[in-house]
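Remember, the numbering used here sits 41 above the position in the sequence shown when you count from 1.
Ideal placement from N, C-alpha and C gives every residue a C-beta, glycine not left out.
A short worksheet on the structure shown next.
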Amino acid sequence: LYGPNGPAGTPDKASTDGMIYKLTGEWTPSDDVMFYATYSEGFRAGLLNRPGGASGPGGYTVPYAVDTDEVKNYELGWKTELFDNSLRFNGSAFFVDIEGLQTTIFDPSIVNLFFS
Numbered sequence: 042l043y044g045p046n047g048p049a050g051t052p053d054k055a056s057t058d059g060m061i062y063k064l065t066g067e068w069t070p071s072d073d074v075m076f077y078a079t080y081s082e083g084f085r086a087g088l089l090n091r092p093g094g095a096s097g098p099g100g101y102t103v104p105y106a107v108d109t110d111e112v113k114n115y116e117l118g119w120k121t122e123l124f125d126n127s128l129r130f131n132g133s134a135f136f137v138d139i140e141g142l143q144t145t146i147f148d149p150s151i152v153n154l155f156f157s
C-alpha cells in the first residue's frame, strides 16, 4: 500500500526537538593565571532516510527516520603566563556525552542515486 510519501505509515518530516545553550565561568586569581569551566548542550536535528525500509543482507532494515541526537559537553581549563610572560602554559580537559548518536552505515547493495 503506497501513499503520496511512499509506503503507508512512512513519516514525511523528521524531528527537530532540542535546545542549544552554553554556560561558561572563569576565575582569575592573579594577572597571570585564569581558570575556566564550561557546560554546553546541543543537538542535531533528525533526518529522513531516502532508502528507508530497505533490508540489508546483514538482517537489518534501514529506518525511515532517525531521531534527534543530543550532546552534553563538560570542560575545565586554565591559561597561564609564567616567568615574566616568557612562557605560556595552557590546557584543558573535556568530556562529551552523546545520546542517540546518528551514524552512517555504508551498504553497497542499497543503490539509490539519481542523476540528471
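Beta carbon of glycine 141, beta carbon of threonine 109: below 8 Å? yes
So, is phenylalanine 156 buried or exposed, given that buried needs 16 or more other C-beta atoms within 10 angstroms? Residue confidence for phenylalanine 156 is low, a pLDDT of 47 falling below 50, so the modelled location carries little weight and cannot support an answer.
Per DSSP, what kind of secondary structure is alanine 131 in: helix, strand or coil? Strictly speaking, residue 131 in this sequence is asparagine, with alanine absent from that position. The answer is strand: DSSP assigns asparagine 131 an E or B state.
What is the C-beta distance between phenylalanine 135 and glutamate 116, in whole angstroms, given that I count them as a contact (C-beta under 8 Å)? So it is a contact: roughly 4 Å between Cβ atoms.
Give the straight-line distance between the Cα atoms of alanine 86 and glutamate 122, rounded to the nearest whole angstrom. 41 Å
Local conformation of asparagine 90 per DSSP, three classes: coil
Roughly how many whole angstroms lie between the Cα atoms of glycine 83 and serine 71? Going from the Cα of glycine 83 to the Cα of serine 71 covers about 33 Å.
What does the alpha-carbon distance come out to for the pair isoleucine 61 and serine 133? 22 Å
Closest by C-alpha distance to phenylalanine 124, when choosing among Val112, Asp73, Lys63, Tyr80: Asp73
Check each candidate in Gly100, Lys113, Leu88 and name the one with the smallest Cα separation from leucine 64. Lys113
Below 8 Å between beta carbons: does that hold for leucine 89 and tyrosine 105? yes
Hey, how far is the Cα of lysine 120 from the Cα of aspartate 138? 25 Å
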